[in-house]
Structures are given as structure tokens and as C-alpha cells.
Amino acid sequence: MEFDDAVLTRRSVHEYSDEPVAEETIEAVFERVRYSPSSYNLQPWEFLVLTEDESRERLQEVAYGQEHVTDAPVAVAVLGNTDPSAHGEAVAEDQLRKGYLPNEEAKAGLLETIEGMADRDAETNRVWATKSTALAAMTLMHAARAEGLSTCPVGGFDPDALHEEFDIDDQYEPVMLVTMGHAAPNAADTNTPRKFRRTVDDIVHREEFEPTEAELDDEVVTESFATQ
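The sequence shown begins at 240 in the numbering used here and counts up one residue at a time.
Right, dumping it as C-alpha cells:
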């Protein structure tokens with residue numbers, strides 16, 4: 240699927256078919272996810288992928304009983320590592336070997352910077368981990384769509400219960416859940432009207448910032464209701 244198609248046809252889907260998702264398809268999705276950008280290339284993301292019925296039922300309890308958590312054949316808990324130094328050595332050594340850093344002294348300087356980040360307060364590093372991990376979560380949804388799958392980001396869940404239920408260390412911040420599978424025939428897809436999106440003029444501010452209020456185009460609203 241072309242990138243434009245993946246972006247423009249992506250919907251947040253709650254209804255999934257019984258068709259399973261092949262393991263090689265899941266692997267293909269995450270092969271793309273790992274190329275997501277992150278602060279200092281520190282890649283703080285981890286993904287708990289649940290395909291067993293029992294595991295998704297446990298996750299459903301954490302997600303306040305939302306049905307699509309178990310209706311989807313795959314559910315993913317997206318986690319952010321709040322320790323910036325967790326992969327620092329590998330990242331710095333890679334940059335040294337590839338010439339991004341000129342020498343061992345520069346590598347030591349980078350590692351010192353990363354260690355300084357790790358020494359920040361917990362809330363600062365929680366936000367840091369969430370920012371980079373959210374980028375990977377969006378890559379996950381686009382990569383899944385490129386494989387012909389549908390997804391839904393889920394923000395309604397109990398993070399403390401997730402930690403406890405799946406024995407996740409407190410170092411990892413639960414950023415979101417993502418359900419993934421083949422959309423059911425009656426699910427929202429490219430044949431249903433696209434929900435309202437603000438225009439480019441609404442969201443882009445050139446040279447100076449001035450907030451704008453969203454306005455619906457009457458013709459678009461009429462067309463959407465007519466085609467539902």
C-alpha cells in the first residue's frame with residue numbers, strides 16, 4: 240500500500256473480523272516500527288504484544304472492559320522506558336563506529352549527556368519517554384495499515400493495573416494500548432465518511448502563532464450525513 244493510502248484510509252476501528260493476523264505480518268509491522276525517530280536515537284519504546292485470548296482478556300479488565308480489546312486478534316501495550324541511559328552505550332558506540340562521533344572522547348561526552356538526562360526528575364523523564372514512544376505508536380498504526388490491517392489507539396486504561404497484571408517494572412510508562420486486526424465488514428472503513436479534520440490553514444501558522452477556531456463547512460456536513 241502506498242504511504243498516502245495508508246494515511247488517508249486509516250480509521251480507528253472497534254469492530255474486527257475473526258480472521259487471524261499472521262505472525263509474519265506482525266513481524267513486518269514491527270520491522271517498520273523500529274525505524275521510528277527518537278530523542279538522541281535512544282529508542283525508549285517497548286511493545287507487549289498479546290495474541291492469546293486469555294492475555295487479551297486480562298488486558299480488557301485493565302482497559303475498563305472495552306470490547307474491542309478482545310475482539311481484535313492482536314492487542315499491544317505501548318511502553319516507554321523512562322531511563323534515557325538504558326540503551327545509551329549501544330547508541331553511542333554505534334555513532335562512534337559509523338563516524339557520527341570523531342573519537343572516544345566525543346563518545347564519552349555523549350554518554351555523559353545521556354547520564355545527565357537520566358538524573359533528571361521522574362516527571363521530566365516520564366514526559367520524555369512518552370514523547371518519543373508516541374512517535375513509534377503512530378508508526379505502528381501506519382505500518383499496520385500498510386499491511387492491510389486496522390487499528391485503534393486506546394487511552395482508556397488503568398496504568399497501575401497494567402503494571403500489576405503483567406508484572407511490568409515501574410521504569411516503564413504505559414503510553415497507550417493499540418488494538419490491531421482485520422476490520423469487520425460493518426466497521427468504519429474507507430467507504431464511510433471521514434470524520435471532521437481541521438484544514439491546513441487552521442493548523443499551520445507561518446512566522447507567528449495565532450490560534451484559530453475550527454469551523455465546519457456546511458456542504459461537507461450535508462454530504463457526510465447524506466452518505467451515512
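Positions of the beta carbon are idealized from the N, C-alpha and C atoms, including for glycine.
DSSP state of residue i mapped onto helix, strand, coil
i    : result
M419 : strand
T438 : coil
S256 : coil
Y279 : helix
V366 : helix
P424 : coil
E344 : helix
S294 : helix
R445 : coil
M469 : Summary: the structure shown does not reach residue 469, with the chain confined to residues 240 through 467, and so no result is reported for it.
Identity of the residues DSSP links to residue i by a beta bridge
i    : result
A383 : Paired residue(s): none; A383 is not in a bridge.
W284 : G319
V301 : None; V301 has no bridge partner.
L289 : A314
P392 : V417
S251 : T390
Y411 : N320
Beta-carbon proximity of residue i to residue j, cut-off 9 angstroms
i    : j    : result
L401 : V301 : yes
T268 : A382 : Just to set this straight, residue 268 is Val in the shown sequence, not Thr. Yes, they are a contact pair.
E258 : G420 : yes
Y255 : T321 : no
R250 : T431 : yes
D397 : Y303 : yes
Closest Cα partner of residue i within the set the options
i    : options                   : result
L379 : I265, V443, P323 and D440 : I265
S294 : R437, D406 and E328       : D406
R365 : P323, D397, L298 and P341 : P323
L374 : R445, A422, E285 and G327 : E285
V414 : W367, F448, A453 and A422 : W367
Buried or exposed (CB count within 10 angstroms, at least 16 for buried), residue i
i    : result
L455 : exposed
G338 : exposed
H307 : buried
T390 : buried
N342 : exposed
Q467 : Low confidence applies here, because Q467 scores a pLDDT of 33, under 50, leaving its location unreliable; read the following figure in that light. By the neighbour-count rule (16 or more Cβ atoms within 10 Å), Q467 is not buried but exposed.
F435 : exposed
L388 : buried
A376 : buried
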